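Novice: Let me begin by handing over the structure; questions about it come next.
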């Protein structure tokens, strides 16, 4: 009987420690920026879900494509309907691992290696991020470039001049400890 | 002589018509290019339901729910679980089921109206559904009552 109790207690402790290893945000910010001679296009998404497991450095990000807000409604419509086909591919995801996650609290810059999926196409990618870790916050901030052609996104030749071949994606994710 | 004058007048008329068409065309194109975003507060909701119903729909069949709710203006009623402001974003979370809640990201104009709200209160909000992550996400939300 005693062993059962101690096992139960152990499980309970193990469980809570697992919970403490998870940091999460539901209001992460991702923006992208396309600069071309014709016009600059910017879109912002403040509903990004991102989870970090500090016990193994795993990281997962989920982004709703429809959540990107453009300055012009027409651009948003074209983005969703013609380019990323949000009805068919409503989410973009990133799954990866933070290298050197053990020294997260002492480092200022980290790299995260993983797979990014946009428009149903997956690609290996390594992202650099500035990190700030305290007891109740893991903040990641940085940017990287994404090639439109890599993700099977077709831009009609009529507007090809208006959209950059490489899009700059910036992120700002402030994770808080996750309690259920 | 008379013939030539008539011809000239015809040509003028045609040029004039083309000019008008071009101006109208440019105006329409400009209007379309600058089409404003949908104003949630002034648009009536497409669907009106309980927070629990929409989360049930999404957790049982996400693809079907996406077809039904994505991009629609949805009025959702439920109990406030939490009100949080992070990085200038204010989120009201409505009680759903074991799988998740309904997260209502408030519009900039609505952010100032939250002082009277408290947890446990039943509230109706109207917003645009952009999908399902851990919770159902509604953006640009306004409070309807």
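Residue numbers (our numbering), protein chains in the order written: chain A, 178 to 357; chain B, 241 to 385. Even glycine gets a Cβ: it sits at the ideal position worked out from N, Cα and C. Being a predicted model, the structure only gives us computed values, none of them experimental.
1. From residue 267 of chain B to residue 274 of chain B, what distance separates their C-alpha atoms?
2. With a cut-off of 9 Å, does the C-beta of residue 301 of chain A fall near any C-beta of chain B?
3. Run down chain A in chain order and give the residues with a C-beta less than 9 Å from the C-beta of residue 274 of chain B.
4. Given a limit of 8 Å on CB to CB distance, which residues of the stretch 258 to 288 of chain A reach chain B?
5. Counting only C-beta atoms, is residue 219 of chain A closer than 9 Å to chain B at any point?
6. Please name the residue, chosen from A:276, A:355, A:234 and A:245, that lies closest to residue 261 of chain A on a Cα-to-Cα basis.
7. Note down, in chain order, every chain E residue with its Cβ under 8 Å from the Cβ of residue 351 of chain A.
8. At a CB distance below 9 Å, what residues from the stretch 359 to 377 of chain B approach chain A? Give them in sequence order.
9. State the DSSP-derived secondary structure class of residue 377 of chain B, mapped to helix, strand or coil.
10. Work out the CA separation of residue 318 of chain B and residue 285 of chain A for me, nearest whole Å.
11. Is any beta-carbon of chain B found at less than 9 Å from that of residue 296 of chain A?
12. Can you check which of these residues, A:267, A:219, A:234 and A:279, is closest to residue 251 of chain A by C-alpha distance?
13. What is the DSSP secondary structure of residue 200 of chain A, reduced to helix, strand or coil?
Specialist: Inspection of the coordinates gives the following:
1. 11 Å
2. At least 9 Å separates the CB of residue 301 of chain A from every CB of chain B.
3. 249, 250 and 251
4. Considering only beta carbons, the part of the stretch 258 to 288 of chain A lying closer than 8 Å to chain B consists of 263, 264, 267 and 268, in chain order.
5. no
6. A:245
7. As a matter of chain content, chain E is missing from the structure shown, whose protein chains are A and B.
8. 368, 369, 370, 371, 372, 373, 374, 375 and 377
9. strand
10. For residue 285 of chain A and residue 318 of chain B, the distance between alpha carbons rounds to 42 Å.
11. no
12. Checking every option, the nearest Cα to that of residue 251 of chain A belongs to A:219.
13. Residue 200 of chain A falls in the strand class under three-state DSSP.
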